[in-house]
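**Q** Provided herewith is a single structure, encoded as structure tokens, for subsequent inquiry.
Numbering (our numbering), first residue to last: 1159 to 1673.
The structure is reproduced here in structure tokens:
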């Protein structure tokens, strides 16, 4: 892991300046086990670290049983906490998912169901509540993706970030936004460019411009930089130093939003070399074209795809993707080291999740958007202060539940009328407690005019853009876990379509827009 040699600390909503390279026992909530805490009532508040990546599918880590994924630091969190195996994003697209994470409400409730909407910075925000009501020092490092705002340097949007609730902000953007929004990261790339050489930031933009995002090229080399200059390594390094230099008089809430493993799958060669796509243990995706009838959304995704993946191509794509996951895992290791060095690791809730998954050639598709399991389901690991005896829960949970949990970790009441339920009590009660595997009876998602519900056995997707909105996909997940057979028009399942359509429409009615 690359280590930093200097860091500039910021007070108020200030940019964090570019930085140069360089068996647990259960603990009750709010017990002080070391580090700096703030007394509130009869308990002392712990720190909160949310690690929120972009496009990490639920099965792409060792703790989830992936046969070749190299994720020792994520596995260590799972070994001291709870892994929720049925965690679903509220919307499998970047901005809808992040709007849901910030507010605790479904995407359609806050008016953000595409990457072109944005939440009101003065509206509901769990971050602002944690700062203003909880007394926390708040910071964000990495990709926020909450607003459009046009061009201009990210530092011009610091007042907006303060409205959302951040005391300190070092905002990075994803690769597709690199060309039109400079950030502290692009400033860093400019500063470490060799004299007389073409700017590393310009080279990064050229790489992104040449990359085919509708068909991530399995043989496209990553842009030529050392690992220490990679965007995810930079984010991790910045977070490490913020932890060391933060305001010591308050508990902290740090949101570390790694830009990866979103495509382009640009991990440096040393990480690509860790994976052999010809390894016989490498799992194959669902190499099966979506069944007819195809929804308008699926038809569009198929129309823009570049190729029908073959097994070797699919494995190569997965190898490049996993290389990025391992790079992030390494960067996370440095952040965990910083918590250990400052004496805060046993006084910190650590939560790991992602905005959405990655299809990774499932159904001959890449990216996200579709409500297939590999796109909709994401990791969720919650490691309490001091750790607990590890266990895994099969409860249905979603983004809103995670947000409600963050509020309870800060000692706050849930957001009124928000659909989420905190998981803190479940985590601390343990695997043998009643209801350990009980959660929602179904999960609901919204994005790009499409909606979906999933129960234990069934999944229905619904298209609200059609002239006559209706269900467009029905899958029997017990007999067809690969979602190969669309039963929406099968006469034997008409009653199930009606039942799930009613459930979906009732959910939308019961959770109307709030802004």
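Quick reminder that beta carbons are idealized off the backbone N, C-alpha and C, glycines included. Owing to the predicted nature of the structure, the values given are computational and were not obtained by experimental measurement.
1) Exposed or buried, which one is residue 1352 when buried takes at least 16 other CB atoms within 10 Å?
2) Can you check which of these residues, 1607, 1521, 1554, 1622, is closest to residue 1598 by C-alpha distance?
3) Tell me, please, which residues DSSP counts as bridged to residue 1295.
4) Closer than 7 Å by C-beta to residue 1390: which residues in its own chain qualify, once you throw out the five before and the five after it? Chain order, please.
5) Roughly how many angstroms lie between the CA atoms of residue 1671 and residue 1203, to the nearest whole one?
6) Quick one: Cα of residue 1300 to Cα of residue 1331, how far?
7) At which residues does the beta strand (DSSP E) containing residue 1603 begin and terminate?
8) Which one of 1510, 1360, 1323 has the shortest CA to CA distance from residue 1337?
9) Starting from the N-terminal side, write out each stretch of the alpha helix (DSSP H) that is 4 residues or longer and does not extend beyond the segment 1223-1265.
10) According to DSSP, is residue 1551 part of a helix, a strand, or is it coil?
11) Quick one: using the 10 Å Cβ neighbour count with 16 as the cut-off for buried, is residue 1314 buried or exposed?
12) Quick one: which unbroken alpha helix (DSSP H) runs of 4-plus residues sit fully inside the segment 1430-1496? Chain order, please.
13) What span of residues does the alpha helix (DSSP H) with residue 1360 cover, start to end?
14) The alpha helix (DSSP H) that contains residue 1399, what's its start and end?
15) Whole angstroms is fine: what's the gap from residue 1370's alpha carbon to residue 1461's?
16) Taking DSSP as the reference, what is the three-state secondary structure of residue 1524?
17) Would you list the one or two residues that DSSP bridges to residue 1538?
18) Where does the unbroken beta strand (DSSP E) through residue 1209 begin, and where does it stop?
19) Return the chain-ordered list of same chain residues with a C-beta closer than 8 Å to the C-beta of residue 1186, the five sequence neighbours on each side being excluded.
20) With residue 1658 as the anchor, note down where its beta strand (DSSP E) starts and where it stops.
21) Buried or exposed for residue 1602, going by 16 or more other Cβ atoms inside 10 Å?
22) Return the CA-CA distance between residue 1275 and residue 1254, expressed in angstroms with no decimal places.
23) Give me whichever residues DSSP pairs with residue 1608 in a beta bridge.
24) Near residue 1382, what residues of its chain come up, given a Cβ to Cβ distance below 8 Å and the 5 sequence neighbours on each side ignored?
**A** Taking the geometry as given:
1) Counting Cβ neighbours within 10 Å, residue 1352 comes out exposed, since fewer than 16 surround it.
2) Of the candidates 1607, 1521, 1554, 1622, the one whose C-alpha sits nearest the C-alpha of residue 1598 is 1554.
3) Per DSSP, the beta bridge partners of residue 1295 are 1410.
4) By the criterion of a C-beta distance shorter than 7 Å, residue 1390 is surrounded in its chain by 1416, 1417, 1418, 1485, 1486, 1489, once the five residues flanking it on both sides are discounted.
5) If I take the Cα positions, the gap works out to 33 Å.
6) The straight-line gap from Cα to Cα measures roughly 7 Å.
7) For residue 1603, the enclosing beta strand (DSSP E) has its first and last residue at 1601-1605.
8) Minimum Cα distance to residue 1337 is reached at 1360.
9) Secondary structure remark: continuous alpha helix (DSSP H) runs of at least 4 residues inside the segment 1223-1265, in chain order: 1230-1236, 1252-1261.
10) The three-state secondary structure of residue 1551, taken from DSSP, is strand.
11) By the neighbour-count rule (16 or more Cβ atoms within 10 Å), residue 1314 is not buried but exposed.
12) Assignment of alpha helix (DSSP H) within the segment 1430-1496, counting only whole runs of 4 or more residues, yields 1454-1462 in chain order.
13) Looking at the DSSP string, the run of the alpha helix (DSSP H) that includes residue 1360 is 1358-1368.
14) Taken as a continuous stretch (DSSP letters only), the alpha helix (DSSP H) holding residue 1399 covers 1389-1403.
15) Going from the Cα of residue 1370 to the Cα of residue 1461 covers about 14 Å.
16) In the structure shown, the three-state DSSP call for residue 1524 is coil.
17) As computed with DSSP, residue 1538 is found in a beta bridge with 1511.
18) Here the beta strand (DSSP E) through residue 1209 covers 1205-1211.
19) Any reading at residue 1186 needs caution, since the residue's pLDDT is 32, under 50, leaving its predicted position unreliable; the model's value is listed next. The beta carbon of residue 1186 lies closer than 8 Å to those of 1586 in the same chain, with the five residues before and after it left out.
20) In the DSSP assignment, residue 1658 falls outside any beta strand (DSSP E) and lies within the alpha helix (DSSP H) extending over 1652-1668.
21) Its Cβ being crowded by 16 or more others within 10 Å, residue 1602 is buried.
22) Residue 1275 and residue 1254 have their C-alpha atoms spaced approximately 8 Å apart.
23) Per DSSP, 1605, 1621.
24) Cβ within range, chain order: 1361.
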